[in-house]
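Asks: Residue numbers (our numbering), protein chains in the order written: chain A, 49 to 158; chain B, 3 to 115. Every residue, glycine too, gets a C-beta built ideally from N, C-alpha and C. Computed from a prediction, not measured in an experiment: that's the story for all the values here. Questions regarding the structure given below will be posed in turn.
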Amino acid sequence: EDQVTQSPEALRLQEGESSSLNCSYTVSGLRGLFWYRQDPGKGPEFLFTLYSAGEEKEKERLKATLTKKESFLHITAPKPEDSATYLCAVPTGTASKLTFGTGTRLQVTL
Amino acid sequence: EPEVTQTPSHQVTQMGQEVILRCVPISNHLYFYWYRQILGQKVEFLVSFYNNEISEKSEIFDDQFSVERPDGSNFTLKIRSTKLEDSAMYFCASSDLGFNGYTFGSGTRLTVV
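Below is the structure:
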């Protein structure tokens, strides 16, 4: 069965304290891995898509990497505005549906 | 930047009533989706729609649910007889071929009382 697992469930960082979020997946025939940011009461906001092992993508303080079994979202010198839930998702099934992990709730304090 | 627009942002309805949630996907996208997120839980797939028909649906998407693209721009989700457990955030999404530009709307919070 296709599965997406994210860890940790919650992470509290001080401003400037770098860390990484993990997304491990079990899916037959990876067709991409998506990272989204979700603020409370809002829809998922697209961050990155990774398609093959070894691929990396960066946006401001965020960098996403992909291996054959997991992806990491590295956050360098985070700021309070980076506080959000970060979601990982992979395409599964016969059509273009995404299966999501439960997310990592990140809180960055001053 | 193109966006997916959902209306209303919040809807309260009585149990047993019908509701229609509306979405305007990104104009040149070909695939349309509905997802839901119960408070504190993960985002769950409901249905995908392509070429004017359902291409895939989840176990959640039973006979009480239906989708429609009534014209060239709107995409709707209808729940025929709402239950308390239908209370959730409902997200519409759209994408181009190969998952390009897979974009979510800001959601409709449905509260069934």
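(1) Can you confirm whether the stretch 3–11 of chain B touches the stretch 24–34 of chain B when touching is taken to mean that 3 or more C-beta pairs between the two stretches lie within less than 8 Å?
(2) Classify L110 (chain A) as helix, strand or coil using the three-state DSSP reduction.
(3) Report the CB separation of Q39 (chain B) from F106 (chain B) in whole angstroms; it is logged as a contact under 8 Å.
(4) Can you give me, in chain order, the residues of the stretch 124–145 of chain A that have a beta carbon less than 9 Å from any beta carbon in chain B?
(5) Which value, in whole angstroms, describes the spacing of the CA atoms of D87 (chain A) and N53 (chain B)?
(6) Step through the CB atoms of chain A and report whether any lies within less than 7 Å of the CB of E61 (chain B).
(7) What residues in its chain sit with their C-beta under 6 Å from that of R79 (chain A), if we drop five residues either side in the sequence?
(8) Using only alpha-carbon positions, find the residue among A:L69, A:A125, A:K117, A:T97 that is nearest to T150 (chain A).
(9) Find the nearest neighbour of S96 (chain B) within the set B:N76, B:G18, B:Q13, judged by alpha-carbon distance.
(10) Tell me whether E104 (chain A) sits in a helix, a strand or coil according to DSSP, three-state version.
(11) Kindly list, in the order they appear in chain B, the residues whose Cβ is closer than 9 Å to that of S97 (chain A).
(12) Going by beta-carbon coordinates alone, are T84 (chain B) and V114 (chain B) separated by less than 7 Å?
(13) Who pairs with H122 (chain A) in a beta bridge, going by DSSP?
(14) For the stretch 92–117 of chain A, which residues have a CB atom closer than 9 Å to at least one CB atom of chain B, in sequence order?
(15) Is there at least one Cβ from chain B nearer than 7 Å to F120 (chain A)'s Cβ?
(16) Bridge partners of Y73 (chain A), per DSSP?
(17) Which residues in chain A sit within 8 Å of F93 (chain B), going by Cβ to Cβ distance?
(18) Considering only the beta carbon of each residue, do L135 (chain A) and I123 (chain A) sit closer than 7 Å?
(19) Express the C-alpha separation of E108 (chain A) and T74 (chain A) in angstroms, rounding to a whole number.
(20) Rounded to whole angstroms, what is the Cα-Cα separation between V49 (chain B) and F63 (chain B)?
(21) Could you list which residues in chain A have their beta carbon closer than 9 Å to that of F47 (chain B), in chain order?
(22) If A137 (chain A) sits next to F94 (chain A), beta carbons under 8 Å apart, how far is it from one beta carbon to the other, in whole angstroms?
Replies: Here's the rundown:
(1) yes
(2) Residue numbering aside, residue 110 (chain A) sits at position 62 when the first sequence is read from its first letter. DSSP places L110 (chain A) in strand when its eight states are reduced to three.
(3) Counted from its first residue, the second sequence places residue 39 (chain B) at position 37. Counted from its first residue, the second sequence places residue 106 (chain B) at position 104. That belief does not hold up - the Cβ atoms of Q39 (chain B) and F106 (chain B) are roughly 10 Å apart, past 8 Å.
(4) L135, A137, P139, T140, G141, T142, A143, S144, K145
(5) Position 39 of the first sequence, counting from 1, holds the residue named residue 87 (chain A). Position 51 of the second sequence, counting from 1, holds the residue named residue 53 (chain B). Those two C-alpha atoms are separated by around 32 Å.
(6) Here residue 61 (chain B) corresponds to residue number 59 of the second sequence, with the count starting at 1. No - not a single Cβ of chain A is within 7 Å of the one on E61 (chain B).
(7) Here the question's residue 79 (chain A) lines up with position 31 in the first sequence. Around R79 (chain A): P139.
(8) As a position in the first sequence, residue 150 (chain A) is number 102, starting the count at 1. Minimum Cα distance to T150 (chain A) is reached at A:L69.
(9) As a first step, residue 96 (chain B) must be located in the second sequence, where it is residue number 94. S96 (chain B) has its Cα closest to that of B:N76, out of B:N76, B:G18, B:Q13.
(10) Numbered from 1 along the first sequence, position 56 holds the residue referred to as residue 104 (chain A). Looking at E104 (chain A) - three-state DSSP - the assignment turns out to be strand.
(11) Taking the first residue of the first sequence as position 1, residue 97 (chain A) is located at position 49. Per the sequence shown, the amino acid found at residue 97 (chain A) is Thr instead of Ser. Residues of chain B passing the Cβ test: F101, N102, Y104.
(12) Along the second sequence, one-based indexing puts residue 84 (chain B) at 82. Along the second sequence, one-based indexing puts residue 114 (chain B) at 112. Result yes, Cβ atoms of T84 (chain B) and V114 (chain B) sit closer than 7 Å.
(13) Here residue 122 (chain A) is taken as the residue at index 74 of the first sequence, counted from 1. Answer by DSSP bridge pairing, in chain order: A:S68, A:K111.
(14) P92, E93, F94, T97
(15) For the purposes of this step, residue 120 (chain A) is taken as the residue at position 72 of the first sequence. F120 (chain A) does not count as touching chain B.
(16) As a first step, residue 73 (chain A) is located in the first sequence; it is residue number 25 there, counting from the start. Answer by DSSP bridge pairing, in chain order: A:V52.
(17) Against the second sequence, residue 93 (chain B) aligns to sequence position 91. By Cβ distance, chain A contributes G91, P92.
(18) Here the question's residue 135 (chain A) lines up with position 87 in the first sequence. Here the question's residue 123 (chain A) lines up with position 75 in the first sequence. Not a contact, by the Cβ cut-off of 7 Å.
(19) If you number the first sequence from 1, residue 74 (chain A) lands on position 26. If you number the first sequence from 1, residue 108 (chain A) lands on position 60. So the alpha carbons of these two residues sit roughly 29 Å apart.
(20) One-based indexing of the second sequence puts residue 49 (chain B) at position 47. One-based indexing of the second sequence puts residue 63 (chain B) at position 61. If I take the Cα positions, the gap works out to 7 Å.
(21) Within the second sequence, the letter at position 45 stands for residue 47 (chain B). What F47 (chain B) touches in chain A: T140, G141, K145, L146, T147, F148.
(22) Numbered from its first residue, the first sequence carries residue 137 (chain A) at position 89. Numbered from its first residue, the first sequence carries residue 94 (chain A) at position 46. Going by Cβ atoms, the distance from A137 (chain A) to F94 (chain A) rounds to 10 Å, so no, they are not a contact pair.
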